[in-house]
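Take a look at the structure below.
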Ligand code: C2E
Ligand code: MG
Ligand code: MG
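Numbering (my numbering), first residue to last: 36 to 867.
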């Protein structure tokens with residue numbers, strides 16, 4: 036380093052300056068020396084400038100006289116420390132000409148040659164300004180802290196790692212913890228496990244700078260374990276360079292609101308379920324008579340879906356005409372709302388369906404009130420008064436309930452699962468499906484006979500029912516299989532303990548005359564949404580879990596686990612193999628005869644798809660057709676079926692046997708915009724007379740379609756192709772509307788046929804349906820006829836055609852051809 040020349044550094048000051056004096060007196064601090072008696076021995080000139088005291092006057096005076104008793108007392112500890120030989124410091128007030136000044140003092144002991152303290156150096160700096168700022172800051176912090184601490188809303192500061200840094204009284208009170216207890220915890224430890232993911236994800240977004248703040252409704256746990264619903268508002272505080280410091284959260288207890296909402300939901304659900312299951316049609320409107328809802332029966336009777344009708348004026352949806360004179364009838368709901376009274380429709384009126392046909396109805400209209408009694412809308416309840424209605428309702432009951440136990444059956448179960456899922460989803464809760472099977476039921480049947488078996492099933496169902504006091508839904512899934520749907524599940528353990536109860540009670544089932552009856556149960560459980568979110572998947576997973584219980588040779592219950600999911604894998608395998616099936620010629624059609632009910636002659640054939648490799652059936656249609664529908668493969672497959680069936684029918688036609696062939700059409704095909712063109716092309720290509728082709732559709736496909744469906748049906752009909760409704764009785768059952776669709780025949784579902792000789796209700800209703808259908812000029816075909824008794828009954832009841840194993844199972848075309856060549860009537864037919 037280059038040595039500094041003094042002249043370069045300090046050019047303007049004279050050399051003779053007395054530097055120690057100049058610095059001592061000019062320095063901006065009070066410098067003094069106190070001897071052992073605390074008398075001033077030196078005081079610099081700053082004393083005169085700051086305190087107005089000449090240093091000369093201080094010399095020899097004691098400190099206490101100069102600063103006063105109070106200030107001396109404040110400094111005394113530091114002074115004593117300094118006189119004891121240590122450096123000490125002190126902060127306190129100074130008296131300065133009537134103005135309060137604040138000073139920071141340093142005391143440094145002075146030692147004599149023997150090392151004894153002989154006095155102290157004192158240096159006091161004026162820190163009044165800094166002190167004022169500090170005071171202001173402190174005060175504002177106090178104010179803030181007060182606001183934070185005593186705010187009515189909960190507030191918390193949390194470290195980015197989730198630990199609480201500060202919590203106010205409201206948060207402590209909300210969660211039942213003391214402040215020091217909460218400061219030991221982090222957010223995750225008090226959050227409901229199902230809500231952690233959402234909260235953490237939002238915090239991560241804040242940290243990543245992807246958002247400024249977030250709001251979230253979540254569940255925390257109170258110290259005593261109960262759930263507290265809170266509404267959170269969170270933002271992030273960063274330091275100057277932008278690094279995250281802490282989260283600021285506002286926490287509001289919304290448990291009460293939630294409870295209220297829950298109650299409201301329950302009420303609404305109840306109302307919804309009631310509306311959906313009620314046998315009458317129900318329409319609700321707002322005060323201006325614009326539609327707010329339609330239940331399914333109202334949808335079927337008006338032809339409008341709830342969604343389409345929403346917001347439209349009532350007159351557009353619900354059009355009434357006088358039955359006698361045909362003139363329009365004023366809408367009764369208008370009067371009901373206008374006069375705030377209930378209005379029943381007098382006389383005979385007709386409801387005009389969207390597609391133009393009329394149904395005789397009876398209705399009643401009433402205003403809807405709010406809590407204060409103001410009219411806020413209206414409700415219209417009506418029903419079809421034609422004779423078909425009573426029948427249709429009975430049929431719905433029959434198709435939805437198991438005739439033996441009276442429990443909802445498989446077809447209703449699907450609706451129940453759907454509803455339970457919707458409820459659980461709205462409430463952000465779990466639901467569980469229990470699939471119950473009696474392990475040794477076959478033995479009961481074998482040992483005691485089927486009649487006894489039936490009694491056991493009834494008693495067993497009643498026994499299970501007694502274990503289910505709440506809104507759990509019990510249904511019979513088939514044979515000895517039952518399903519319980521739990522729509523609200525607080526914890527998975529709840530499902531387990533219910534299973535144990537069901538097992539304990541179910542195994543105790545007793546039936547008179549069967550003293551040694553001892554049943555064993557197995558239950559498979561699937562949980563929504565953990566295992567699946569679709570009804571079918573939930574059912575399958577529970578069944579998979581049931582199979583797992585059984586294959587272990589144990590009874591008891593098990594929860595579904597993903598590793599059990601052989602079925603899903605099987606479905607994927609089916610789909611992969613199915614993609615190859617068509618090009619590799621593994622698909623073929625079998626034909627099942629339909630015979631004339633009177634003569635027993637073969638009068639038709641239903642084409643049924645088969646998947647065979649080397650003469651062995653790989654999968655049944657019930658296994659692979661749903662997969663084909665889900666994957667869209669049904670489109671190329673369905674097109675192939677149509678072509679193949681037409682070609683076959685044309686061959687028979689050329690051989691002199693004009694046998695109509697029916698082909699099953701799935702919804703996906705039917706809804707395809709090109710369906711008609713395909714059909715037209717296939718007919719042209721095969722040269723088959725259109726009258727020899729029949730399409731089997733389902734009720735749902737026909738009833739739930741709009742104008743487009745009706746149009747398509749009409750075009751197909753005009754092309755000369757016959758239309759029939761397959762599996763009739765399992766869908767909407769709206770016989771009275773059916774007459775308005777160009778359908779030639781109804782195929783009564785196997786389910787009815789199965790029970791006609793064993794169940795009186797089924798028998799009565801089936802004959803009534805047949806009679807009704809004939810009065811509407813529809814042909815009736817019975818499917819699944821297996822016994823002579825069934826055949827005889829159906830013939831007497833007026834079925835025109837019969838189909839079932841009794842007259843021939845589905846068979847390859849060549850075999851069918853042989854059957855055609857046999858002398859008529861067909862040998863196995865039950866004719867005298
Ligand atoms: P479906 O149209 O109701 O066909 C009648 C089913 O009942 C056939 O089952 C037939 O084998 C069976 N069956 C016939 N007689 C009796 C009987 O006396 N007792 C009993 N228990 N069953 C009888 P399959 O062939 O297994 O077909 C099942 C379903 O798969 C059909 O029901 C149909 O919905 C569908 N399917 C079959 N082939 C096709 C097709 O080419 N395309 C479409 N989209 N679906 C098809
Ligand atoms: Mg069919
Ligand atoms: Mg069928």
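Just so it is clear, CB atoms sit at the ideal spot from N, CA and C, and this is done for glycine as well.
Since the model is a prediction, treat every value here as computed from it, not as a measurement.
Tell me whether the segment 497–517 and the segment 469–488 touch, counting them as touching only if at least three CB pairs, one residue from each stretch, are closer than 8 Å.
yes
Give the DSSP-derived three-state secondary structure of residue 262 in the structure shown.
strand
Contact shell at 5 Å, judged by CB to any heavy atom of ligand 2, ordered along the chain:
699, 731, 761
Examine ligand 1 and report whether any of its heavy atoms sits within less than 6 Å of the Cβ of residue 482.
no
Please go through the segment 133–204 and give each complete beta strand (DSSP E) segment of 3 or more residues, from N-terminal end onward.
134–146, 152–161, 189–193, 199–202
Per-residue DSSP class, three states only, for residue 811
coil
Runs of 3 residues minimum, wholly inside the segment 458–539: which ones carry the beta strand (DSSP E) assignment?
465–473, 508–513, 516–524
Quick check on the burial criterion: 16 or more other C-beta atoms within 10 angstroms. Buried or exposed for residue 351?
exposed
How should residue 652 be labelled, buried or exposed, when 16 other C-beta atoms within 10 angstroms of its C-beta is the threshold for buried?
exposed
Name, in chain order, the residues that DSSP records as bridge partners for residue 380.
DSSP lists no partner for residue 380.
Roughly how many whole angstroms lie between the Cα atoms of residue 726 and residue 631?
17 Å
Would residue 832 and residue 800 qualify as a contact pair, given that the criterion is a beta-carbon distance under 7 Å?
no
Cβ of residue 676 within 6 Å of any heavy atom in ligand 1?
yes
Between which residues of its own chain and residue 412 is the CB-CB distance below 7 Å, once the five residues before and five after are set aside?
319, 320, 321, 322, 327, 403
Kindly indicate which three-state DSSP category residue 631 falls into: helix, strand or coil?
strand
Please name the residue, chosen from 683, 660, 682, that lies closest to residue 672 on a Cα-to-Cα basis.
660
When you measure from the CB of residue 851 to every non-hydrogen atom of ligand 1, does any distance come out below 6 Å?
no
Would you identify the three-state DSSP class for residue 803, choosing helix, strand or coil?
helix
Between residue 585 and the rest of its own chain, which residues show a CB-CB distance below 6 Å, the 5 nearest in sequence each way excluded?
557
Beta carbon of residue 729 nearer than 7 Å to that of residue 693
no
Can you round the beta-carbon distance between residue 711 and residue 747 to whole angstroms, since I take them to be within the 8 Å contact cut?
6 Å
Using CA coordinates, which residue listed in 610, 680, 496 is at the minimum distance from residue 654?
610
How long is the line joining the alpha carbons of residue 796 and residue 235, rounded to whole angstroms?
59 Å
Looking at residue 579: is its Cβ nearer than 7 Å to the Cβ of residue 522?
no
Measure the alpha-carbon distance for residue 827 versus residue 838 and round it to whole angstroms.
13 Å
Provide the residue(s) that pair with residue 35 in DSSP beta bridges, ordered along the chain.
Because residue 35 is not part of the residues shown, which for the chain are 36 to 867, the question remains open.
Could you give the uninterrupted runs of the alpha helix (DSSP H) lying entirely in the segment 669–726, keeping only those of 4 residues or more?
669–689, 702–706, 710–721
Buried or exposed by the 16-neighbour rule on C-beta atoms within 10 Å, applied to residue 477:
exposed
Three-state secondary structure assigned by DSSP to residue 397
strand
Does ligand 1 have a heavy atom nearer than 6 Å to the CB of residue 821?
yes
Given a cut-off of 7 Å, decide if residue 590 and residue 645 are closer than it, judged by their beta-carbon atoms.
no
Spatial neighbours of residue 54 within its chain, please: C-beta separation below 8 Å, excluding the five flanking residues on both sides.
none
Starting from the Cα of residue 156, find the closest Cα among 667, 843, 75 and give me that residue.
75
Closest to residue 701 by C-alpha separation, out of 760, 194, 745, would be which residue?
760
Within the same chain, show all residues whose beta-carbon is closer than 8 Å to that of residue 779, passing over the 5 residues directly before and after it, in chain order.
729, 757, 758, 759, 813, 814
Is residue 451 buried or exposed, if buried means 16 or more other CB atoms sit within 10 Å of its CB?
buried
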